[in-house]
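Start counting the sequence shown at 1; every next residue gets the next number (the numbering used here). What follows is a set of notes on a single structure, which appears directly below.
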Amino acid sequence: YFQAITVIDAARRRQEYQEKKVRAKKMIALLRIRLTMRERNYLTASVLISPSQSPWSVMFARQDDSAFMVTVSLPVREYVLLAAFARHYEVKSGPGKRGRPPRLQNKNNVLACLLHFYTAAVEAKTLCELFGVPPATLSRVLKNAEKALGYALREVPAARISWPLFCEQKRWAASVTLKEPLIRGCFCVADGKNYAVRAPTASDLQNAYFNGWLHAVKVTGVLCYGFDGTLIWGRHNFPGSWNDGEMSRRLQARLADCARTLSSGCCATDSAFPVSNEMTGKIITPLKDGDLEKASPSCRPGLIVMSNAITAI
């Protein structure tokens, strides 16, 4: 009886195995047939909106500050950057010129497309839909527009990254003290930033860009902002294994320089920012883990209040 069951079970398993082999062969055959069929799905100009009727064209005509800030991160009055940009972005064909006219003939649309690309987390296909350009045209426009914007920014004085004057430092520090009376002389904030990049193939280079804390390949940098929102100092595109202290040495030297910074001036950072003994009072941070326990019980309430004030700014 048991031998009969064993024989029947073995036969059933052989049959299932043969059926699986047949199904696998059919799937492989279908896949080969599918691979021989060349098919490309992509956006074409015929299915996209006309650039003159794009959402940005309507928004630009309204000249609304709030809408400009949300979409291109610039108010209307600062969008005069378009004038400098237009001098460097060349439209090689168009009305009265030889060749097929470009899809984006208006340089305003070109600059807006580039600023959307920089300030919004959107895919290329979304930009194609918003501005009415096919993918190939979008790539070419962005490449040329980036070069033109780089030249244009050199002509705009407000685009310069410069250290504030003493009068500006006093004004910014006063605005901070007005909000947080415990904070005196703080006119800027600094923080380290990490951005993910593709892992290099060379092992030595990959090791240099690997951030052990974040467990990923990164480029890193430190940015310092004044309290009017302008970037006053920055270093970027350094290997991800570097820490904030290494990259901010020039910032620390500038904060300690009496010819560039007020004697009472200081910079606020997060608790992870390293602070040496020489920079005590020049870089202020909230309490780190364990700092509160090291202080005497009578000082702890004051330290907590001060730490909360630094965090608030």
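The beta carbon of each residue, even a glycine, is placed where N, CA and C say it ideally should be. Remember, predicted model here, so these are calculated numbers, not experimental data.
Between Ser73 and Thr119, the C-beta spacing is below 8 angstroms. Per DSSP, the beta bridge partners of Pro239 are Val219. The continuous beta strand (DSSP E) containing Phe187 extends over residues 186-196.
With 16 or more other CB atoms across the displayed protein chains lying within 10 angstroms of its CB, Val141 is buried. Of all C-beta pairs linking the stretch 246-254 to the stretch 200-215, fewer than three are shorter than 8 angstroms, placing the two stretches out of contact. Fewer than three beta-carbon pairs drawn from the stretch 169-176 and the stretch 79-95 are found closer than 8 angstroms, and the two stretches are therefore not classed as touching. Looking from the CA of Ala84, the closest CA among Gly302, Leu149, Val76 belongs to Leu149. By alpha-carbon distance to Thr280, the top candidate from Asp289, Gly265, Gly290, Glu293 is Gly265. Note that the C-beta distance between Leu104 and Val133 is below 8 angstroms. Contact annotation: the stretch 214-226 does not touch the stretch 289-305, with fewer than three C-beta pairs closer than 8 angstroms. Here the C-alpha atom of Ile304 lies approximately 10 angstroms from the C-alpha atom of Ile310.
With fewer than 16 other beta carbons inside 10 angstroms of its own, Leu165 counts as exposed. Judged by DSSP in its simplified three-state form, Ile284 adopts strand. C-alpha of Arg77 to C-alpha of Phe68: approximately 10 angstroms in a straight line. Leu111 is the residue among Ser54, Pro102, Leu111 whose C-alpha sits nearest the C-alpha of Val80.
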